[in-house]
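See structure below.
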Amino acid sequence: MKEESKENLVCGLCAITSVFAFLLVWYLGCTFTALGKLLPDPITVLIGMWGYIVGTVGKCSLLMHALHSLQRVLIGFLIGSALGISLGLLMGRYRLARAIFNPIFRVIRPIPPIAWIPISIIWFGLGETPKIFLIALAAFANTTLNAMTGAESVDKTVINAAKMLGANEFQIFTTVVIPSAVPSIFAGLQVGISCAWASVVAAEMVKASNGLGWIIQAGMDNNNMTQIISGIIMIGLGGFILTYIMRTIEGVACRWNRSGR
Amino acid sequence: MEQERKMKAGIECINAGKVFVTPEGEHEVVRNLSFATKENEFLVLFGPGQCGKTTIINMIAGFEDVTSGRILADGKKVEKPEPSRGVVFQNIALFPWMTTMGNVEYGLKIRGVKKEQRRAEAQKYIDLVGLSGFENSFPVQLSGGMKQRVGIARAYCNEPEVMLMDEPFGALDAQTRYLMQEELQRIWSAEKRTVIFVTNNIEEALYLADRIIVLTNCPATIKKEYVIDLPRPRNLVSEEFLALRREITGILDSSQED
Numbered sequence: 373m374k375e376e377s378k379e380n381l382v383c384g385l386c387a388i389t390s391v392f393a394f395l396l397v398w399y400l401g402c403t404f405t406a407l408g409k410l411l412p413d414p415i416t417v418l419i420g421m422w423g424y425i426v427g428t429v430g431k432c433s434l435l436m437h438a439l440h441s442l443q444r445v446l447i448g449f450l451i452g453s454a455l456g457i458s459l460g461l462l463m464g465r466y467r468l469a470r471a472i473f474n475p476i477f478r479v480i481r482p483i484p485p486i487a488w489i490p491i492s493i494i495w496f497g498l499g500e501t502p503k504i505f506l507i508a509l510a511a512f513a514n515t516t517l518n519a520m521t522g523a524e525s526v527d528k529t530v531i532n533a534a535k536m537l538g539a540n541e542f543q544i545f546t547t548v549v550i551p552s553a554v555p556s557i558f559a560g561l562q563v564g565i566s567c568a569w570a571s572v573v574a575a576e577m578v579k580a581s582n583g584l585g586w587i588i589q590a591g592m593d594n595n596n597m598t599q600i601i602s603g604i605i606m607i608g609l610g611g612f613i614l615t616y617i618m619r620t621i622e623g624v625a626c627r628w629n630r631s632g633r
Numbered sequence: 200m201e202q203e204r205k206m207k208a209g210i211e212c213i214n215a216g217k218v219f220v221t222p223e224g225e226h227e228v229v230r231n232l233s234f235a236t237k238e239n240e241f242l243v244l245f246g247p248g249q250c251g252k253t254t255i256i257n258m259i260a261g262f263e264d265v266t267s268g269r270i271l272a273d274g275k276k277v278e279k280p281e282p283s284r285g286v287v288f289q290n291i292a293l294f295p296w297m298t299t300m301g302n303v304e305y306g307l308k309i310r311g312v313k314k315e316q317r318r319a320e321a322q323k324y325i326d327l328v329g330l331s332g333f334e335n336s337f338p339v340q341l342s343g344g345m346k347q348r349v350g351i352a353r354a355y356c357n358e359p360e361v362m363l364m365d366e367p368f369g370a371l372d373a374q375t376r377y378l379m380q381e382e383l384q385r386i387w388s389a390e391k392r393t394v395i396f397v398t399n400n401i402e403e404a405l406y407l408a409d410r411i412i413v414l415t416n417c418p419a420t421i422k423k424e425y426v427i428d429l430p431r432p433r434n435l436v437s438e439e440f441l442a443l444r445r446e447i448t449g450i451l452d453s454s455q456e457d
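As structure tokens, this is what we get:
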């Protein structure tokens with residue numbers, strides 16, 4: 373117990389030190405080398421970022437831009453992962469469903485979301501729809517396979533146990549196959565949320581009037597390095613927070629899967 | 200009256216056999232098996248090795264088809280698993296995402312029994328197997344012996360007419376196994392059911408059985424049958440117990456030689 377808290381303290385200190393060391397190297401590099409011509413130093417960036425947070429960049433503040441991006445991600449992610457998980461579970465449980473959908477899915481999956489940008493614009497114009505389409509696609513491609521593996525690898529005797537207790541096929545699917553695939557589904561959701569977040573940036577860089585991708589794009593157009601780096605930092609933080617939230621949800625949903633105590 | 204007795208017929212195997220067809224050829228695991236259970240009888244299928252016994256349970260449960268002969272449950276041909284035949288599995292096979300309560304009440308829940316009623320019923324069997332206080336534990340938090348208690352309670356709670364137990368204590372350590380045999384004897388005495396119990400442990404067989412059917416190894420066929428009428432709970436070192444043990448072990452040894 374004491375040993376453990378000591379270890380936690382050491383790890384915490386190391387984490388803080390490494391962040392400061394990174395900022396220090398960045399600062400020294402900018403001050404004493406030619407890097408200063410390419411990159412503003414961290415203090416300038418942080419002051420600039422603070423200005424964007426309390427003031428505005430473009431039409432609204434930095435945090436509002438982040439929220440715009442977040443909204444797109446959440447809508448697209450919900451649609452894409454819901455479709456992906458449903459299809460994956462069906463393909464995992466029913467050979468016929470796999471025979472029908474698997475070949476198409478296997479070809480669509482490796483196509484990166486960016487490759488869909490032109491088509492999405494032609495199909496859906498320049499509004500919100502193409503962006504949500506791209507994000508949904510990214511979430512879909514990354515959640516399907518894991519859901520399928522989860523549904524496929526359900527312990528056969530556990531299914532027999534449900535049958536012996538009187539469950540019909542529908543009840544087996546909903547009360548046995550789905551819950552036992554949950555850990556595997558979450559592995560897919562983890563990757564899916566990261567890819568969805570990465571895709572929103574790509575989608576916004578093409579055509580948008582707000583969002584973190586727009587900040588970066590506009591920063592490049594105005595040759596404003598501080599703005600670009602502020603955007604990048606927010607993207608990193610946003611992705612970090614999203615995966616953290618996802619892991620927390622996973623911890624609750626899969627608590628039966630870890631040995632307590 | 201005759202009809203009435205037929206309805207209580209329990210499990211009847213008539214020349215049942217099973218041949219698996221594999222790429223390497225045909226593999227016969229059960230041959231010409233015929234027996235019938237009596238009401239509330241504790242019937243032990245005792246045999247050596249890995250071969251055939253689990254298949255017999257799977258066929259009676261309805262998980263696998265017979266390839267020859269017939270198996271009847273209550274006079275009707277077994278075609279698929281049914282709640283009237285409860286199974287306790289060798290690898291326990293609990294639903295790991297459900298608590299003890301969730302596992303035990305599952306059968307009643309999917310049948311649409313109301314919450315208060317099924318909770319009360321499940322609680323009765325959780326208490327019976329000695330797991331009071333562990334209702335909200337997940338299987339991963341329980342020891343091997345406790346998990347199998349949940350398995351027994353789950354099968355019992357569905358009120359089957361016949362219980363099929365496939366080496367239920369095979370994965371437990373010797374000490375726990377012995378304890379669980381005593382427990383099962385107690386549970387069965389409190390809630391009488393027809394039980395078909397498979398084991399390769401002669402002491403376990405003699406401790407629990409009303410009747411022992413000794414099986415040969417691969418393909419499983421009936422070697423001999425013993426009615427055990429020693430008083431319960433049985434004394435593992437009594438004269439009669441040891442004599443029976445010697446005799447049954449003896450006929451198995453001779454059957455392995457030929």
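Chains L and Y, in that order, are what the protein sequence lines are.
All residue numbers for the first sequence refer to the numbering used here, where the first residue is 373 and numbers rise by one.
All residue numbers for the second sequence refer to the numbering used here, where the first residue is 200 and numbers rise by one.
Just so you know, even glycine gets a beta-carbon here, dropped at the ideal spot from N, CA and C.
According to DSSP, is residue i part of a helix, a strand, or is it coil?
i                : result
Ile494 (chain L) : helix
Lys205 (chain Y) : Residue confidence for Lys205 (chain Y) is low, a pLDDT of 45 falling below 50, so the modelled location carries little weight; the figure read from the coordinates is stated next. In the structure shown, Lys205 (chain Y) sits in a helix (DSSP, three-state: H, G or I).
Ile617 (chain L) : helix
Phe558 (chain L) : helix
Arg461 (chain Y) : In this structure chain Y extends from 200 to 457, so residue 461 (chain Y) is not present and cannot be described.
Tyr377 (chain Y) : helix
Asn532 (chain L) : helix
Tyr355 (chain Y) : helix
Ile427 (chain Y) : coil
Arg633 (chain L) : In this prediction, Arg633 (chain L) scores a pLDDT of 36, lower than 50, which makes its location untrustworthy; no coordinate-derived value is stated.
Asp457 (chain Y) : Here Asp457 (chain Y) scores only 44 on pLDDT, less than 50, and its place in the model should not be relied on; the value that follows carries that caveat. Here Asp457 (chain Y) sits in coil by DSSP.
Gly400 (chain Y) : In the sequence under discussion, the amino acid at residue 400 (chain Y) is Asn, which differs from the Gly named in the question. It is coil, neither helix nor strand.
Phe545 (chain L) : helix
Val572 (chain L) : helix
Asp593 (chain L) : helix
Ala408 (chain Y) : coil
Phe288 (chain Y) : coil
Leu461 (chain Y) : With chain Y covering only 200 through 457, there is no way to say anything about residue 461 (chain Y).
Lys391 (chain Y) : coil
Phe232 (chain Y) : It is worth fixing the name first, because residue 232 (chain Y) is Leu in this sequence and not Phe. Correct three-state label for Leu232 (chain Y): strand.
Met200 (chain Y) : Model confidence at Met200 (chain Y) stands at a pLDDT of 40, short of 50, so the residue's coordinates are unreliable; what they give is reported in the following sentence. Looking at Met200 (chain Y) - three-state DSSP - the assignment turns out to be coil, as it is neither helix nor strand.
Ala419 (chain Y) : strand
Glu461 (chain Y) : Any question about residue 461 (chain Y) goes unanswered here, given that chain Y covers just 200 to 457.
On a CA-only basis, which of the options is nearest residue i? Give me that one, please.
i                : options                                   : result
Ala533 (chain L) : Y:Arg284, Y:Pro222 and Y:Asp326           : Y:Arg284
Ala321 (chain Y) : Y:Gly343, Y:Ile401 and Y:Thr298           : Y:Thr298
Ser453 (chain L) : L:Leu561, L:Leu584, L:Val572 and L:Thr405 : L:Leu561
Val548 (chain L) : L:Pro485, L:Pro484 and L:Val530           : L:Val530
Cys356 (chain Y) : Y:Gly251, Y:Arg310, Y:Thr375 and Y:Gly332 : Y:Arg310
Leu242 (chain Y) : Y:Glu403, Y:Pro295, Y:Leu451 and Y:Ile270 : Y:Glu403
Pro555 (chain L) : L:Gly583, L:Met520 and L:Trp422           : L:Met520
Gly246 (chain Y) : Y:Arg410, Y:Ile401 and Y:Leu378           : Y:Ile401
Gly288 (chain Y) : Y:Val312, Y:Ile256 and Y:Ala319           : The residue you asked about is not Gly; residue 288 (chain Y) is Phe in the sequence shown. Among Y:Val312, Y:Ile256 and Y:Ala319, the Cα nearest to that of Phe288 (chain Y) belongs to Y:Ile256.
Ala511 (chain L) : L:Ile494, L:Pro490 and L:Pro484           : L:Pro484
Val397 (chain Y) : Y:Ser267, Y:Ala389, Y:Ile386 and Y:Leu414 : Y:Leu414
Ala575 (chain L) : L:Gly423, L:Ser441 and L:Ala393           : L:Ser441
Leu461 (chain L) : L:Thr501, L:Gly423, L:Val479 and L:Phe542 : L:Phe542
Pro282 (chain Y) : L:Met536, L:Lys579, L:Trp488 and L:Arg619 : L:Met536
Ala260 (chain Y) : Y:Leu271, Y:Ser267 and Y:Cys250           : Y:Leu271
Ser571 (chain L) : L:Phe394, L:Ile607 and L:Asp593           : L:Ile607
Residue i versus chain L: which residues are under 9 Å apart at the beta carbon?
i                : result
Pro282 (chain Y) : Met536, Leu537 and Gly538
In chain L, what lies closer than 7 Å to residue i by C-beta?
i                : result
Phe262 (chain Y) : Asn532
Arg348 (chain Y) : Per Cβ cutoff of 7 Å: no residues; Arg348 (chain Y) is ~15 Å from chain L at best.
Using a C-beta to C-beta distance shorter than 8 Å, which residues of chain L count as neighbours of residue i?
i                : result
Gly306 (chain Y) : Leu537 and Gly538
Please list, in chain order, the chain C residues whose beta carbon lies closer than 9 Å to that of residue i.
i                : result
Ile309 (chain Y) : Looking for chain C here will not work: the only protein chains present are L and Y.
At 7 Å on the CB atoms, spell out the chain Y contacts of residue i, in chain order.
i                : result
Pro551 (chain L) : Trp296
Asp527 (chain L) : Ala292
- Item | Residues, ordered as in the chain, of the region 283-296 of chain Y that lie near chain L by beta-carbon distance below 8 Å | The region 283-296 of chain Y vs chain L, Cβ under 8 Å: Arg284, Gly285, Val286, Phe288, Asn290, Ala292, Leu293, Phe294, Pro295 and Trp296.
Runs of 3 residues minimum, wholly inside the region 292-346 of chain Y: which ones carry the beta strand (DSSP E) assignment? Taking only runs of at least 3 residues, no beta strand (DSSP E) segment lies wholly in the region 292-346 of chain Y.
Query raised in the report: At what residue ranges does the region 241-266 of chain Y contain a whole run of the alpha helix (DSSP H), taking only runs of 4 or more?
Result: Runs of the alpha helix (DSSP H) inside the region 241-266 of chain Y: 252-260.
Discussion item. So if I threshold CB-CB distances at 8 Å, which residues from the region 357-368 of chain Y count as touching chain L?
Written reply: So the list reads Asn357, given in the order they occur along the chain.
Minimum length 4: unbroken alpha helix (DSSP H) runs contained in the region 386-454 of chain L = Fully enclosed alpha helix (DSSP H) runs of 4 or longer: 407-410 and 414-426.
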